[in-house]
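Trainee: Last residue of the sequence shown: 69 in UniProt numbering, with the numbers rising by one and none dropped.
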Amino acid sequence: MTKTMTLEAAVARLEEIAAKLGGDVSIDDAVKLYGEAVKLLDFANGKLEAAKLKVEKLAAPKETEDEPV
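(1) Are there three or more Cβ pairs, one per stretch, closer than 8 Å when the stretch 50-66 is compared with the stretch 13-20?
(2) So, L7 versus A59, is the Cβ gap smaller than 9 Å?
(3) Are there 16 or more other CB atoms within 10 angstroms of the CB of L41, so buried, or fewer, so exposed?
(4) Counting C-beta neighbours from all protein chains within 10 Å, is the total for A10 16 or more, i.e. buried, or is it exposed?
(5) In whole angstroms, give me the CA-to-CA distance for V38 and I27.
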């Protein structure tokens with residue numbers, strides 16, 4: 001994974017891998033592709049979790065000094 005990888009690029013590559021694995025591929029290539037897919041899924045899940053946390057933080061009610069916690 002490069003530092004410039006985006007979620008969209010990861011998903012696009014996952015789609016490519018899925019298409020290749022759906023075709024005629026050697027067992028060695030299938031294992032390599034599977035390993036790459038696992039890394040991409042971890043990356044994508046991390047990006048989605050980070051986005052979810054940001055949205056939850058933005059959606060949380062704001063506390064004011066006048067209101068008790």
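By construction, the Cβ of each residue, glycine as well, lies at the ideal position given by its N, Cα and C atoms.
As the structure is a computational prediction, the values presented were derived from the model and not from experiment.
Mentor: Put simply:
(1) no
(2) no
(3) exposed
(4) buried
(5) 16 Å
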